[in-house]
Amino acid sequence: SVSFGVESGCPEMLKRVRKGITLAQAAEAVRMCKKAGMLAHASFMVGLPGETKDTLRRTDDFARSLDIMYGYHYLAPFPGTTLCEKVE
């Protein structure tokens, strides 16, 4: 199986956290796994900087559209990272 750290189903959030992928790329990667007979899983973050109810709803809509197992994880900024500096 393959697990993809998509992080968000909202293009603006992906840009904000400098993820470096698009939703189309994530969906295509999942499609390719399915085609190859592989199990795919996606993970998404809750609590990204600037997140709103709307961005969370969009993330949930995208996660469901993939038609695979997925999970949500709370953001935990690690010391020394850019994200941790923004939170402080």
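Residues in the sequence shown are numbered consecutively from 4, following this note's numbering.
Positions of the beta carbon are idealized from the N, C-alpha and C atoms, including for glycine.
As the structure is a prediction and not an experimental result, all values here were calculated from the model.
Can you check which of these residues, the options, is closest to residue i by C-alpha distance?
i, options, result
"threonine 58", "Arg19, Ser4, Gly8, Phe7", "Arg19"
"alanine 45", "Ser11, Pro52, Leu51", "Ser11"
"glutamate 15", "Pro80, Thr62, Met41, Lys37", "Thr62"
"histidine 76", "Met48, Arg21, Lys38, Cys13", "Met48"
"threonine 85", "Lys56, Arg60, Pro52, Gly74", "Pro52"
"isoleucine 24", "Cys87, Gly83, Val9", "Val9"
Quick one: using the 10 Å Cβ neighbour count with 16 as the cut-off for buried, is residue i buried or exposed?
i, result
"phenylalanine 7", "buried"
"phenylalanine 81", "exposed"
"cysteine 13", "buried"
Do residue j and residue i come within 8 Å of each other at the CB atom, strictly closer than that value?
i, j, result
"alanine 43", "serine 4", "yes"
"leucine 78", "glycine 40", "no"
For the putative contact between residue i and residue j, defined by C-beta atoms under 8 Å, what is the C-beta separation to the nearest angstrom?
i, j, result
"leucine 17", "phenylalanine 65", "Between phenylalanine 65 and leucine 17 the Cβ distance is about 10 Å, and since that is not below 8 Å, they are no contact."
At a cut of 8 Å, does the region 25 to 39 reach the region 63 to 70 through at least three beta carbon pairs? Touching, yes, given that three or more Cβ pairs across the two stretches are closer than 8 Å.
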